[in-house]
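Quick notes on the structure that follows.
This is the structure:
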C-alpha cells in the first residue's frame, strides 16, 4: 500500500531568542488563531523565564536572592523539573550558579540549595546566587504546547521546532510516512550527516560552539539525542557535550532506557548510542565510527 504524506500548514515566527517553526495538519480557517495562540504562549514563556529581560519573573527572583520571593505555579513547575534533572544527572545539570568576582558566575557548591515553600508558592535563593535554567524552559514550553495542541485543539499531526529542539507527533499510522529530520554537519553548515525518522517523539541537537554562554571543553563538538520526552532529550544533549564521549555515554546508559544519541567528536568521528535495531531503520544514511548498544548488558566500542 502506498504511504501517504498529508498537507501540513507551515507557521514561522521569532521568539525565545529562536526561530520557531511549526508544521501542523489543520484547516486553513483555523491557522490564524493557531498562530496567535502559539505566539502568545512562547512570548509568555519568554516574559517569565528570559534572564535577558529585566522585568521577567526569573530576573526578579534572581534579583531577590536571599529573600523569599513569591512565584507563579508555572515557575514552581519548571524549578521542580530542574531539581529532578539535577538529581538524575548526578549534579551535572546545575541550575544554581554562584556569583564570584572576578570570574562572574560559576557552579554553586552542592551545599547551597534554594528553599521552596509550596504552600506560600515562594522561593528563597541563597545569597549571591542566580538561576540559569540552561534551556529547560524552552524544551518544556515546546512539550507543553505540543500536548495542548493534541489534547485541546485536536491537531492530529504536528512538528514544532525551536533552535535545535524538535518534537513531532501523529505519524504512528502505517499509512503515513514518518517525520524525517536531517542532522546538521557541525563542520559544514551546508551539509547533513544523515537523518532520523520518527513517527512520534522528540529530538535535541546541541553544540557548545554555538552557545554564547558555554565554554567548549570536552571531546564532543555536537550531540543529537532522540527520545520521547523533549526536556529529557535537551538536558542529555547538553550533558553529553559537557562530560565528553566516555563519561557522558556511561552516565546516559546508567540513567535512561529511552534515549538514543549520535555524538560527533573533535577528531571528526561519529559515535552512536542506542538500540542496534534502530540503525538504518531510525537513524539513516550515517557513517558511524563507534557503536554503543544500550540493549547489550556490557556495552563498549565496536569498530
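Residue numbers (the working numbering): 233 to 535. Glycine included, C-beta positions come from ideal geometry on N, C-alpha and C. This structure is a prediction, so every number in the text was calculated from the model and none was measured.
- If one requires a minimum length of 3 residues, the beta strand (DSSP E) runs lying completely within the segment 255-326 are 300-302, in chain order.
- Straight through space, the alpha carbons of residue 260 and residue 463 are spaced by roughly 31 angstroms.
- Counting the other CB atoms within 10 Å of its CB gives residue 322 a total below 16, which places it among the exposed residues.
- In this structure the segment 490-502 does not lie against the segment 406-413, because fewer than three pairs of beta carbons, one per stretch, are closer than 8 angstroms.
- Between the segment 362-375 and the segment 300-315, the count of Cβ pairs shorter than 8 angstroms is three or higher; the stretches touch.
- Straight-line spacing of the CA atoms in residue 431 and residue 378 works out to 14 angstroms.
- Runs of alpha helix (DSSP H) with 4 or more residues, each lying fully within the segment 461-527, are found at 462-475 and 477-487, listed in chain order.
- Judged by beta-carbon spacing, residue 394 lies within the 8 angstroms limit of residue 248, meaning their Cβ atoms are closer than that value.
- In this structure the segment 449-459 touches the segment 485-495; the number of beta carbon pairs closer than 8 angstroms is three or more.
- Residue pairing by DSSP places residue 458 opposite 435 and 492 in a beta bridge.
- Contact between the segment 384-398 and the segment 332-351 is not established, with fewer than three Cβ pairs separated by less than 8 angstroms.
- Excluding the 5 residues flanking it on each side, residue 327 has same chain C-beta neighbours closer than 7 angstroms at 314, 318, 363, 364, 365 and 366, in chain order.
- Judged by DSSP in its simplified three-state form, residue 329 adopts strand.
- Residue environment: residue 270 is assigned as buried (16 or more neighbouring CB atoms within 10 Å of its CB, all protein chains considered).
- In this structure, the beta-carbon distance from residue 389 to residue 293 does not fall below 8 angstroms.
- Pairwise C-beta distances place the segment 413-428 out of contact with the segment 276-288, as fewer than three of them are shorter than 8 angstroms.
- In this structure residue 435 does not touch residue 455 by the C-beta definition: roughly 11 angstroms separates them, more than the 8 angstroms allowed.
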